[in-house]
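Throughout the sequence shown, residue numbering follows my numbering, covering 33 to 442 in sequence.
Heads up, the beta-carbon is just placed ideally off N, CA and C, and yes, glycines get one too.
Below: the structure, in structure tokens.
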Amino acid sequence: MPTSTYEPDWAAVDDAVRRAGLDSPVLALDLDALEANINDLRRRANGVPIRVASKSLRVRSMIDHVLERDGFAGVLAYDVAEAHWLATESGVGDVLLGYPTCRREALAALLADETACARVTLLVDDRAQLDVIDSVTPPGKRPTVRIAIDLDASLRIAGDRVHLGVRRSPIHSVGQATALARAVQARDGFRLVGVMSYEAQVAGVGNGVDGKTAMNTAVRAMQAVSMRELRHRRGDVVAALRHIADLEIVNAGGTGSLEETAKDTSVTDIAAGSGLFGGHLFDNYRHFRPAPAMAFGLDVLRRPADGIVTCGSGGWIASGPPALDRLPKPVWPAGLEYVGTESAGEVQTPLAGEAADELSIGDRVWFRHTKSGEVCERSERVALIRRDAAGVADVVDVVPTYRGEGKCFG
């Protein structure tokens, strides 16, 4: 069942940012909702440490804030330059890169920094990725590079003819994992310290979509089968790798799979990030529902016809298969929807509905983002909101996003 009982007050958020004099597009983060999500993620992880998935936040001060809390440890970064920055500027002592990299300039900077090399673990699923690292800075001219292997977590059935999950690593079996592990350990300048796996077909697929009873039943059945298979296979891989190297990190999971991933005794930490800001994609899960902590407000710039208003900006689309569920969701005032022929636009977004006739030029419409940190790539700052005992919301701080700190990562 949904676990969040936190009710957003969009009118109070709108009033707070107006009193603070903040221009749109404006991002607002409700700190009380964030607190509710921190507590709920921790409860769902059942004592397994949570590694913060930075791509879902992209606000360094908020990453630091979450890492200060019990139950959270380390960062899962999405870019090598970002990992380097977090390790040195924020002093994060354990940064696991969640994807392989061939970014030579960023690698060169990392490999020249002894402190960063001691804190950052690079991810590989192919020996050729080790060759790239060596070509940038050869062994003997750099610190030892910490390496983790990316284990494919997809469900393969019918003799591998059916693949359920994302297309990430080619490393699926115990034999493939141990062969790569031995290759890492045999090469100068590398040390195998971890393994990660992301069960996207469980963590990233909603199983409680309104009006989709049959689909939800099928998805939950697939997820149950997938987790049983993965716990067995991942446990075997980890056991085999521990005979080859001293593993420090066995990372797995995501916001949607915390409970199930926590049952895997081979896992040392679980990645989660989207559940902190609570994008609307995660309303579609049966077993949990995060509080909507992040929202963004756009100004009404035009009234082109009765029942229609046009807002500035708004086309902040989430990654994944192009579909309506990747669009931001207008939530306040209630009763607005996209115009089908235009949808969310890069510089303007028309909205239709009865509520449009109550809006004037300069009023603001509030949206929830879809999934991850996509909104923070479009704004330089986030207003931090807190409500007092009487329910009055105030902006207590304004903090920079990655973009606001002048950072643009891959």
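Supposed contact pair residue j and residue i - C-beta distance, whole angstroms, cut 8 Å
i           : j           : result
residue 122 : residue 96  : 6 Å
residue 98  : residue 142 : With a Cβ gap of about 24 Å, residue 98 and residue 142 do not count as contacting.
residue 248 : residue 318 : 7 Å
residue 108 : residue 290 : 14 Å between Cβ atoms; not a contact.
residue 272 : residue 206 : 5 Å
residue 59  : residue 415 : 7 Å
residue 403 : residue 308 : About 12 Å; that fails the 8 Å criterion.
residue 259 : residue 292 : 5 Å
residue 146 : residue 226 : Between residue 226 and residue 146 the Cβ distance is about 20 Å, and since that is not below 8 Å, they are no contact.
residue 223 : residue 176 : 5 Å
In DSSP terms, what residue i is bridged to
i           : result
residue 223 : 178
residue 408 : Note: residue 408 sits in no beta bridge, so no partner.
residue 364 : 398
residue 334 : 342
residue 83  : 303
residue 328 : 59 and 399
residue 417 : 62 and 427
residue 40  : For residue 40, which the question treats as bridged, DSSP gives no partner whatsoever.
residue 107 : 84 and 127
residue 383 : 341 and 370
residue 432 : 413
residue 205 : Bridge partners of residue 205: none, in fact.
residue 228 : 182 and 283
Cβ-based neighbour list, residue i, same chain, cut-off 8 Å, excluding 5 preceding and 5 following
i           : result
residue 332 : 341, 342, 343, 391, 392, 393, 394, 395, 396 and 397
residue 43  : 364
residue 441 : 110, 111, 113, 114 and 434
residue 174 : 143, 144, 149 and 221
residue 339 : 384, 385, 386, 388 and 389
Beta-carbon proximity list for residue i, same chain, < 6 Å, skipping 5 on both sides
i           : result
residue 164 : 134
residue 21  : No answer is possible for residue 21: it lies beyond the span of the chain, which begins at 33 and ends at 442.
residue 323 : 36, 38, 65, 68, 69 and 310
residue 62  : 325 and 417
residue 381 : 343 and 346
residue 354 : none
residue 359 : 376
residue 287 : 304, 306 and 307
residue 467 : No answer is possible for residue 467: it lies beyond the span of the chain, which begins at 33 and ends at 442.
Contacts around residue i, its chain only, beta-carbon distance under 7 Å, and the 5 residues preceding and following it disregarded
i           : result
residue 34  : With a pLDDT of 46 at residue 34, under the threshold of 50, the modelled position of this residue cannot be trusted, and the question is left open.
residue 80  : 294, 299, 301 and 302
residue 52  : 415 and 427
residue 203 : 157, 181, 182, 183, 184, 209 and 212
Beta carbon proximity, residue i to chain D, threshold 8 Å
i           : result
residue 427 : The structure shown has no chain D; it contains just one protein chain.
### Query
Could you give the uninterrupted runs of the alpha helix (DSSP H) lying entirely in the stretch 275-313, keeping only those of 4 residues or more?
290-293 and 306-309
### Three or more C-beta pairs below 8 Å linking the stretch 319-333 and the stretch 365-376
No, the stretch 319-333 is not in contact with the stretch 365-376.
### Query
Counting pairs of Cβ atoms below 8 Å between the stretch 173-189 and the stretch 149-160, do you hit three or more?
The answer is yes - the stretch 149-160 touches the stretch 173-189, with three or more Cβ pairs under 8 Å.
### Task
Could you name each continuous alpha helix (DSSP H) segment of 4 residues or more that falls completely within the stretch 115-201, going from the start of the chain to the end?
136-143, 146-151 and 159-168
### Query
Would you say the stretch 294-312 touches the stretch 255-271, given that touching needs at least three Cβ pairs under 8 Å?
Yes, the stretch 294-312 touches the stretch 255-271.
### Query
Are the stretch 348-368 and the stretch 402-416 touching by the rule of at least three beta carbon pairs closer than 8 Å?
Per the Cβ contact rule, the stretch 348-368 is in contact with the stretch 402-416 (3 or more Cβ pairs under 8 Å).
### Query
Do three or more CB pairs link the stretch 188-196 to the stretch 137-151 at distances below 8 Å?
no
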